[in-house]
RNA sequence: GAGGUUGUAGCUCAGUUGGUUAGAGCGUCGGAUUGUGGUUCCGAAGGUCGCGGGUUCGAGACCCGUCUUCCUCCCCA
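Residue numbers (this note's numbering): 28 to 485.
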């Protein structure tokens, strides 16, 4: 017991049945991405620290896994920084590389580096793991997989519309009975900050407002006070708490509230255009909600902001995204706007598991099992086995002549559909016993009839 | 990064105010049944009680440290 093996916190092993379910989920997602014209790319699991640091805010930087320099590079450690108690600088001198924190920033880097090889607007999808040194919790892991779709090089709001359709189509296809696609616009938030005279502290303000449904009006006010917002500013923010009703109602209320803010009006224009398009197209199961409190801490968003929540389950957001105008500029390519969304595969998996949305047949990894009665019978089975495999079925011969009971139990545990038995009796009669493991029914068939049947059944 | 919580068999958990040899169910393996599974019955294997230190005649139980689990913040998928 002393040396019991373990894996790091916030990581998981996946059993065959779990991988089958995950693959089903990824296949569904990829198929939708492909039909909307996105092509897959991949990037390294780790980047230069300089690529990642400073892109996610102070909080984000803290959660980035650093990769310790090895060998001679360890000499680069900045001991002066340590002596001066400048831990961030010391940490940077120890680690030149870091595990990627999301797929968006590496993608921006990718676009800048390969700009001459890409055709714009460039649409890509990317399904890869990311790592965050977060404290694990329900639905929160240190290693998890994101499924991102982004388009860069197009300002058109049709992209936002398309991404909302992708949210709706993927989650509907995966069988989620209900979910809300929450929509907001960073320009609206900027407008609010402007109107309140707090343009410089938009992040603190929006982070507080974002918690409205969680901590209530009083909680938000308390947080704003604690952050040092003036009573006058808070008075101007208060009317927002009363903005309820349909998407159109909220738009109307904000039109007058943001009357003096040019950027705010621009945000409302953008948002209403997206809403109009989506309303005209209709959604399958998704519910599109304009949520003016939706903020998201990621500070690179400049336009639309998305977040998706599944109904009837206790789980944080399962998808997120938004528009970022300046992300590639950080790597030296200006004037390229991008917008994208991310599906949180692991949370979606947890939600689907809780709601029992995975098809049952995913548990089956073997269609036909040949019982092994001995080396003579086994040889005869091998020929048939090959023919069954050629039909595209997953089939195997039990590797040893174990007791029939044991072999059937094995078939049972592996959720096998059919078992074939060819022992002395069948060999003498020139037939085989074909057993349906679900119903227990059994029939005698010739080899030819058996193969025909296999072809029909699957 | 802050606060709380948890850890006993492969899994889920009992274990009295500190007292002799740490239990159950499920699962696994074997048998009942030398060619018929998912039901039943019988039996067996499996634990230095997360790890390290301390208190005590004596620690699974009490104390400290550490790791881990889950939760609330922070933040997020």
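Even glycine gets a Cβ: it sits at the ideal position worked out from N, Cα and C.
- Taking residue 55 as the centre and dropping the five residues before and after it, the same chain places the C-beta of 197, 200, 201 closer than 8 Å to its C-beta, in chain order.
- Within the same chain, and ignoring the five residues on either side of residue 389 in sequence, the residues whose Cβ sits closer than 6 Å to its Cβ are 47, 48, 51.
- Annotation: residue 343 to residue 336 spans about 7 Å, alpha carbon to alpha carbon.
- With at least 16 other beta carbons inside 10 angstroms of its own, residue 219 counts as buried.
- For residue 172, the number of other beta carbons within 10 angstroms of its own is at least 16, and it is reported as buried.
- For residue 43, the enclosing alpha helix (DSSP H) has its first and last residue at 43-62.
- Around the CB of residue 61, fewer than 16 other CB atoms lie within 10 Å, so the residue is classed as exposed.
- For residue 383, no alpha helix (DSSP H) encloses it, and the DSSP letter there is neither H nor E.
- The Cβ atoms of residue 127 and residue 176 do not sit closer than 8 Å to each other.
- In the pairwise beta carbon analysis, the stretch 141-160 is classified as not touching the stretch 265-272: fewer than three pairs are separated by under 8 Å.
- Residue 261 and residue 235 have their C-alpha atoms some 11 Å from each other.
- When secondary structure is reduced to three states using DSSP, residue 174 falls in the strand class.
- Cβ atoms of residue 446 and residue 438 come within 8 Å of each other, at about 5 Å.
- For the 8 Å CB-CB criterion, residue 434 and residue 399 form a contact.
- The Cβ neighbour count for residue 147, taken over all protein chains shown within 10 Å, is under 16; the residue is labelled exposed.
- In the DSSP assignment, the residues bridged to residue 448 are 460.
- Between residue 334 and residue 367, the alpha-carbon positions lie close to 11 Å from each other.
- The beta-carbon separation of residue 238 and residue 247, rounded to 6 Å, stays under the 8 Å limit for a contact.
- Residue ranges of uninterrupted alpha helix (DSSP H) with 4 or more members, entirely inside the stretch 257-308 and ordered along the chain, are 258-264, 274-284, 289-308.
- Exposed is the label assigned to residue 71, since fewer than 16 other Cβ atoms lie within 10 Å of its Cβ.
- Using a Cβ distance threshold of 8 Å, residue 36 and residue 73 do not count as a contacting pair.
- 134 is the residue among 141, 134, 160, 163 whose C-alpha sits nearest the C-alpha of residue 152.
- Counted as a single uninterrupted DSSP element, the alpha helix (DSSP H) harbouring residue 200 occupies residues 185-200.
- The Cβ neighbour count for residue 225, taken over all protein chains shown within 10 Å, is at least 16; the residue is labelled buried.
- DSSP places residue 335 within a strand segment (E or B) once states are collapsed to three.
- Straight-line measurement puts the Cα of residue 160 at about 28 Å from the Cα of residue 207.
- Take residue 393, set aside five residues on each side of it, and the residues of its chain with a beta-carbon closer than 6 Å to its own are 421, 441, 443, in chain order.
- The beta carbon of residue 328 lies closer than 8 Å to those of 213, 349, 350, 351 in the same chain, with the five residues before and after it left out.
- The three-state secondary structure of residue 163, taken from DSSP, is coil.
- The shortest C-alpha to C-alpha distance from residue 364 to any of 138, 460, 112, 101 is the one to 138.
- Between residue 174 and residue 370, the C-beta gap is smaller than 8 Å, which places the two residues in contact.
- One alpha carbon belongs to residue 245, the other to residue 228, and they sit about 20 Å apart.
- Counting the other Cβ atoms within 10 Å of the Cβ of residue 136 gives 16 or more, which makes it buried.
- Between residue 308 and residue 192 a beta carbon distance of about 7 Å is seen, short of the 8 Å cut, so the two are scored as contacting.
- DSSP places residue 156 inside the beta strand (DSSP E), whose first and last residues are 149-158.
- Rounded to the nearest whole angstrom, the C-alpha separation of residue 108 and residue 254 is 30 Å.
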